[in-house]
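In mature numbering (1 follows the signal peptide of the UniProt record, and there is no 0), the protein residues as written are -24 to -1, 1 to 180.
Beta carbons: idealized from backbone N, C-alpha and C, even for Gly.
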């Protein structure tokens, strides 16, 4: 019995040490980003995203927590169906007809941000049409948009269409920065460090 208890205690101790190591590692990473971004830059940065299956939402929250900035979730006024088949028909109809579904809300505070980290999945080989609704509603001149994009296939032609869609539907002088086209946190971290941080540091 004593051997069993000793074994259980050892496993628990190892687990706690592992959790502590992960927590410290995460904390160190967050501190690293925190030290590189001044409060003025944070106040100018927001993570805006559209998510149906929560995959993009998870990534958006990860980025927002890392940078210690706010988020805004794009939602359709008439919610998309939770049934995948129904959703697929709806999304295809919007894409084929180049529709702009009405958003649930259009907060004015979006205008206060200069750096918009914009997240979305690929739907029907392009960005969801509701991303066009967001881009066309706001005057994004001289604002910098950093796309983070998820996909089930990660085909280069889908990325090209999505980026062209962003450029075609944003304000004339909006600045579309280098994207990250991946669901890997390592890729996202590198993108934040080498694209977002590098850019904002030169503008601070």
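Worksheet entry | Cut-off 6 Å between Cβ atoms - residues of its own chain near residue 110, not counting five sequence neighbours on either side | 50
Practice prompt. Could you spell out where the alpha helix (DSSP H) holding residue 49 opens and where it closes?
Written response: Element bounds for residue 49: not the alpha helix (DSSP H) but the beta strand (DSSP E), 46 to 50.
Discussion item. Can you check which of these residues, 42, 125 and 29, is closest to residue 60 by C-alpha distance?
Written reply: 29
Worksheet item: For residue 185, does the count of other Cβ atoms within 10 angstroms reach 16, so buried, or fall short, so exposed?
Response: No information on residue 185 is available, as it lies outside the stretch -24 to 180 that the chain covers here.
Fill in: Span of the beta strand (DSSP E) around residue 171
Unbroken run through residue 171: none, as it is neither H nor E.
Worksheet item: If you draw a straight line from the C-alpha of residue 76 to the C-alpha of residue 42, how long is it?
Response: 32 Å
Worksheet item: Okay, do the stretch 19 to 28 and the stretch 85 to 98 touch, 3+ Cβ pairs below 8 Å being the bar?
Response: yes
Discussion item. Rounding to the nearest angstrom, what Cα-Cα distance links residue 45 and residue 174 in this structure?
Written reply: 17 Å
Worksheet entry | Local Cβ density within 10 Å of residue 140, reported as buried at 16 or more and exposed below that | exposed
Worksheet entry | Beta-carbon spacing of residue 98, residue 64 below 8 Å | no
Worksheet item: What's the gap between the Cα of residue 161 and the Cα of residue 31?
Response: 12 Å
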